[in-house]
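Chains as they are written, first to last, in this note's numbering: chain A, 7 to 406; chain B, 7 to 406; chain C, 7 to 406; chain D, 7 to 406.
Note that beta-carbon positions come from the ideal geometry of N, C-alpha and C, so glycine has one too.
Report on one structure; see the data block that follows.
Number of protein chains: 4
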Amino acid sequence: MKQQFGIWLVGAGGGVASTVAVGLAALRRGLIQPTALVSALPCFQALNLTPWDQWELGGHEIRAANFFDGAQQLANSSRAFSPALVDQVREDLVRWSEQIRPGFLYNSGQAISALADSRQSRQLDSPRKTITAIQEDLRAFAAERNLEKVIVINVSSTEPGHDRSLDELDWQQFSTQLDRPDFPVPASTLYAIATMELGFPHVNFTPSVGSNLRALRELAELQQTCHAGRDGKTGETFLKSVLAPAFAARNLHVMSWVGHNIFGNLDGKILDDPNNKATKVVSKDALLGNILGYAPQTHTSIEYISSLGDWKTAWDHIHFQGFLGTPMIMQFIWQGCDSILAAPLVLDLARFVGLASQLGEIGELGWLASFFKSPQGASAQEFSEQFAQLRSWAERQMSS
Amino acid sequence: MKQQFGIWLVGAGGGVASTVAVGLAALRRGLIQPTALVSALPCFQALNLTPWDQWELGGHEIRAANFFDGAQQLANSSRAFSPALVDQVREDLVRWSEQIRPGFLYNSGQAISALADSRQSRQLDSPRKTITAIQEDLRAFAAERNLEKVIVINVSSTEPGHDRSLDELDWQQFSTQLDRPDFPVPASTLYAIATMELGFPHVNFTPSVGSNLRALRELAELQQTCHAGRDGKTGETFLKSVLAPAFAARNLHVMSWVGHNIFGNLDGKILDDPNNKATKVVSKDALLGNILGYAPQTHTSIEYISSLGDWKTAWDHIHFQGFLGTPMIMQFIWQGCDSILAAPLVLDLARFVGLASQLGEIGELGWLASFFKSPQGASAQEFSEQFAQLRSWAERQMSS
Amino acid sequence: MKQQFGIWLVGAGGGVASTVAVGLAALRRGLIQPTALVSALPCFQALNLTPWDQWELGGHEIRAANFFDGAQQLANSSRAFSPALVDQVREDLVRWSEQIRPGFLYNSGQAISALADSRQSRQLDSPRKTITAIQEDLRAFAAERNLEKVIVINVSSTEPGHDRSLDELDWQQFSTQLDRPDFPVPASTLYAIATMELGFPHVNFTPSVGSNLRALRELAELQQTCHAGRDGKTGETFLKSVLAPAFAARNLHVMSWVGHNIFGNLDGKILDDPNNKATKVVSKDALLGNILGYAPQTHTSIEYISSLGDWKTAWDHIHFQGFLGTPMIMQFIWQGCDSILAAPLVLDLARFVGLASQLGEIGELGWLASFFKSPQGASAQEFSEQFAQLRSWAERQMSS
Amino acid sequence: MKQQFGIWLVGAGGGVASTVAVGLAALRRGLIQPTALVSALPCFQALNLTPWDQWELGGHEIRAANFFDGAQQLANSSRAFSPALVDQVREDLVRWSEQIRPGFLYNSGQAISALADSRQSRQLDSPRKTITAIQEDLRAFAAERNLEKVIVINVSSTEPGHDRSLDELDWQQFSTQLDRPDFPVPASTLYAIATMELGFPHVNFTPSVGSNLRALRELAELQQTCHAGRDGKTGETFLKSVLAPAFAARNLHVMSWVGHNIFGNLDGKILDDPNNKATKVVSKDALLGNILGYAPQTHTSIEYISSLGDWKTAWDHIHFQGFLGTPMIMQFIWQGCDSILAAPLVLDLARFVGLASQLGEIGELGWLASFFKSPQGASAQEFSEQFAQLRSWAERQMSS
């Protein structure tokens, strides 16, 4: 019998998670083409990534939610995909929804806590108790579904910025404080610890801090597991990482780069809170200076406009100097459906990280940088260079 | 005394040529930053490319024109650069204008011939006589200015498509017909022959056929000289070669790519003739299929809108399918000044080709592909890959 | 028992007709808000326009088509509206589809004829025979559905430009030639004649010539009936008629106005034929000179891009001079669903023209100018002035 | 000898004032066409508005500044107009600059005070002393230049929101407190009082409160003078007032209207202060609800991007529902030069208000509503209706 693998989604009731579920079910049943799946590109076929029918889904969620309702809402109110497709995969969505457990709040901030349903969310006395409870859920999922390995992927809403005092702690210092109720560690990091202590790989698709701490890098080494992050690069920032290198290569001087993002899903509502938004904007803005070698004036705004639903629209205005100092302008408008852009990357990450884990890779998987706005374990921000790293990794595996 | 080099511009009265002249003069005098010059990037500094003060300018032109008047017009009517800058470099522009000779018409098509001034253009009895007359001008330029080498760069308006019977001729067959007055070889090719027979390198910055013929590839080998082309990649197509690889890498399916270009300079007027436009559109469209691996529906239009002068505006609408077949849209608007975009690339090409020639490179310089819409001697159309080839070439020279 | 009225759609299988059917059915059943219906504005309520449940539908079509299939296709392939809505009104769509009769080809041009299904279209020996056959269908519709009045509305694809020799004929000259098989009168005009000879009102929502001939204006007077046209003003041209007056009022000098339209429905395919496109472009371009009082350079292109389906996207680039001659730019991008924009205006026209007909109005209804790109019987092209005329007409009726 | 009139600009060192000066001088000398001057439209010619050569300029400014330097900076750093034009009118600019007096700070807020040059600005002990000092400057200007009348026009930067306790005071209550140093009346209002007490007309081209107070409306009546305001309608809001009525007339339901404005002049810097920005955003946003009859979600942002200089770029995204609830999108991009847009309206207002004053009009000039974002004395916000009011006023004057 074939090995089974699990994807555990933190934020299982959100749009990304619902779309992951619809997509995975549709792929299993051969209802859709593998469009938008990086792992389905010809150059990765010889890797023998785990086929779609060997994956199970589950997750944590702080609201009353399931994959089927979430998918129906996206289909109907955001026109993200066809309602008929949701009906065709209903059975899978319902079955997977049985594996959704009440999520955990811990230093999650005002905006996220306000969303939580008190009967569907848990807030335990200490970080350690939270970790233990998460691990019970993960173990139960693996046991009930008979899974070889579970990849935990955080697709929940953005937390406020984390307490900077956490940055310098080593794992020894960090772990001893996990029993202190007032230890300011956020939920995203607790999920990462819970995952890695079980030896499972962890992926952070959000701008929240997650495993991006000295202590957690040590933990991964100790547990001989791998992790990847941070903040899925789906739309505007993806384009920044594609376009900015071209300006640099032509020695065109970018004077200012303004990006204005509007969208109306739950993530957008959370980002309307200035604390949460700050985390996101930093992640979206940092790469320009890195790529260009100087810091143009930048402005990135993100506004919640409810009528747009899951359709994220970005207008970018790039003001640059050409020869003889002549100012010129490039503008772009990106009209993408947030969950539709994110979900295939989540599935790709599950497969790539799953394989890396099987191959025994340890620590931050920097060769996955092309998937992230703030890549952990990597320095290049140019998309083409990041993608070349992914291809090189694949070539190394295939030739070995 | 330092060696001097010459740039000979075919189309010396056009906007690109005037801007090359203003820019070269301003660089010699330290009046401007090297913005937009690829050859000024840090990664190319150890190449010791010929400094700006060792270059002289001259060229052919079929209209009554000189660098100073051309520059003034661009400054005043198109606001391409400041009139004060033109005044500061007047002396150089006037001196270089002494080296502008009447240009040659030969199978140049109706639109170009209509522009020609009968006292400033020449139409000789045969291709061979034309070649000989061009060579006299090039030799005189080299002698009068005491030049080590002349790089001939075609920046004239686009010719109609060439006679396909030329494609298969070898140099032996080709050269014997050059005395036939009815041999359908266009002026762009005669300039290339004249140049290469003298052992000088030739660059074709236009979509005209130039040296892109079997016979001329042979000629370059015979004469031990080098050549590069075709059609400078300055704006919309540059962006296509930057963006299309990103869609491909993400497995996003491009359903259609529409590009609508408007501008109002002389080139635009020439392209209003359907014969000339056809040559250009092919050059702008071909790369998408090459990069994506399939052929989306494309539409590229180029319209002459006189009020825009030298400001070329492109609107591109990219309609693509994402996950679950969901259609999404990217649009961009590019507002660039045509001559300002082209001129620095012309200067870069003079320096890179000049160095290659000194180093004894022979044949098509495929590593210059990043500069061209239809690169000769190269297959990659992805900009990042093309730029990597340029860097690799430079690294090889620097390490040897 | 309440009076019943009929809408007879020429082009009953097209997207506009299907959307009219879905909308009318949904309004009857109270399934939708009256969004986008001008006749539903508060200022027209006292007119007591015929309520939605007193209208029946029928029409002519040259292809095998019915309202239900057309609606399903729009819902599924163009995402124009929800498939669930189509299901809810299926019964009405099926019943109305019984009243779709094979359409007539007559000087319809190559592009339209190529679309026709030979079993679903008719091509009779002479114009007069065609008229008679149309009238039989209209009479049968009125009789079978027990209709007080039938309003015939042409929503079919654009014909090539008409033979200019028709322009100057009076009705006497015109009518005597209707028996000549080679009389170059197009189908759009035959439908108008058939309608008006029966004393019914006629509306031409297309750029085809229809009733816009001296002879047909006379016919309307003779038959004491009314007619309105030409070419529904739904998207880009609507915006031109809104924006151009503002530029004029501010004395901003429009130097050029470029409009680039892309869409992928059947109308777009027909307009890919240069003969048919010419008819449309004239209609889209003429108003600027009329409103501004001078003729800026204009360029209007319409391209068939199949992936867009019914979604018509227009990019307009307006280059204007401000104070001190400074050039400035306004651009707009309009992303509208063609049928969704047109259908409510068709329903509005049925109600307004129906009332006018009941009130005994005769001839061209110039006060409906706001609905048309090339309004018959009206000179003003400014949208706000045209809309004021509609309101004034309504106020006169309400006060009398 | 002809009568002379004066325009007194509060904020004489800003870009708008410099452009007013260049434009007025160029019009006097016949160097430019009257493009962008509403008062130059054919429909206003019979009004016999005061010709350009009968106007003198002066003003207050809190920084070291003069018309010539301001004009040169706009020409050179923002490419707003040609440097050659500034040279041609230098003599006028220098002469008018002699009439620039140090400006007054009074409850002007942090951002404006930070800009002030201590030697060029004055801050007196009480509102009344400030008023008196302003009046001395205005009287001196009138005397020195032998002026029949002075029209004071505020073109300075936006103040923070005013103290709401001022709103309900009548002139009696208000005037008695002008000696209190802590009376929270802002400078914009003191300029208005000073002007109207002298019987001169006052125009407020800024969003600051100015004369928009009950007490000042009374003062105008008492002094038998007229005033107009508030906040010149130059770009994005002008377009809102043109487009929103069209959506309303077509019963299209605007769900959200997002406007993102970027620019880099001094006004932009001031608006970077949240207090000042709030005043502006209210003025830009209010009209939509007024025109549409319901309040769509709106978002207006204004960001200071220094590379843009005086070029204000607005991206507006209008999300609306059409028939059957189908969501559609209009976007526009406006690239205008702020001073170039504002200056001709300032000159128009001087002429129209000057004539109204000569004709004895008293109070708020509501028929000037088309010039303002927050029109005083008028309720209509639709541009076409506002413009019709201006034409009606003119027709009444011409027929009387």
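Bridge partners - residue i, DSSP secondary structure assignment
i        : result
B:Ala407 : What is shown of chain B runs 7 to 406, which leaves residue 407 of chain B out entirely.
B:Gly315 : BP columns for B:Gly315 are empty, so no partner.
D:Val260 : D:Phe326
B:Met334 : B:Phe326
Beta-carbon proximity list for residue i, same chain, < 7 Å, skipping 5 on both sides
i        : result
D:Glu104 : none
A:Arg397 : Cys49
D:Gln387 : Ser247, Leu293, Asn296, Ile297
Min CB distance residue i to chain B below 8 Å
i        : result
A:His305 : no
A:Thr332 : yes
C:Leu314 : yes
A:Ala86  : yes
C:Met261 : yes
C:Trp340 : no
Residues near residue i in its chain [Cβ-Cβ closer than 6 Å; skip 5 each side]
i        : result
A:Gln337 : His323
A:Gly238 : Phe211, Ala348, Leu351
C:Gln129 : Leu111
C:Ile38  : Ala32
B:Cys343 : Ala86, Asp316, Trp317
Any chain D beta carbon closer than 8 Å to residue i
i        : result
C:Arg107 : no
A:Ile311 : yes
A:Thr243 : no
Nearest to residue i (by Cα), restricted to the options the options
i        : options                                : result
B:Gly17  : B:Ala42, B:Ile68, B:Gly29              : B:Ile68
A:Ala122 : A:Gln94, A:Gly19, A:Gly167             : A:Gly19
B:Ala198 : B:Arg220, B:Ile38, B:Pro187, B:Asp273  : B:Arg220
C:Val191 : C:Thr136, C:His208, C:Leu144, C:Arg145 : C:Thr136
A:Ser24  : A:Ser162, A:Glu242, A:His259           : A:Ser162
B:Asp75  : B:Pro57, B:Thr41, B:Glu97, B:Gln60     : B:Glu97
C:Arg101 : C:Asn72, C:Lys290, C:Ala386, C:Ala117  : C:Asn72
D:Leu47  : C:Leu293, C:Phe253, C:Thr195           : C:Phe253
B:Asp273 : B:Gly21, B:Lys8, B:Leu15               : B:Gly21
B:Ile346 : B:Gln60, B:Gly29, B:Trp14              : B:Gly29
D:Pro213 : D:Arg256, D:Asn281, D:Ala200           : D:Asn281
Cβ-based neighbour list, residue i, same chain, cut-off 8 Å, excluding 5 preceding and 5 following
i        : result
A:Leu153 : Gln10, Phe11, Gly12, Glu62, Phe147
C:Arg134 : Leu184, Asp185
C:Leu2   : This structure gives no information on residue 2 of chain C, because the portion of chain C shown stretches from 7 to 406.
C-beta neighbour in chain C for residue i, strict 8 Å
i        : result
A:Ala90  : yes
B:Gln337 : yes
B:Thr319 : yes
D:Pro381 : no
Cβ distance (whole Å) where residue i is taken to contact residue j below 8 Å
i        : j        : result
D:Ile308 : D:Lys286 : 6 Å
C:Gly360 : C:Ile159 : Not a contact, Cβ separation roughly 11 Å.
Cutoff 8 Å: residue i Cβ touching any chain A Cβ
i        : result
B:Ile268 : no
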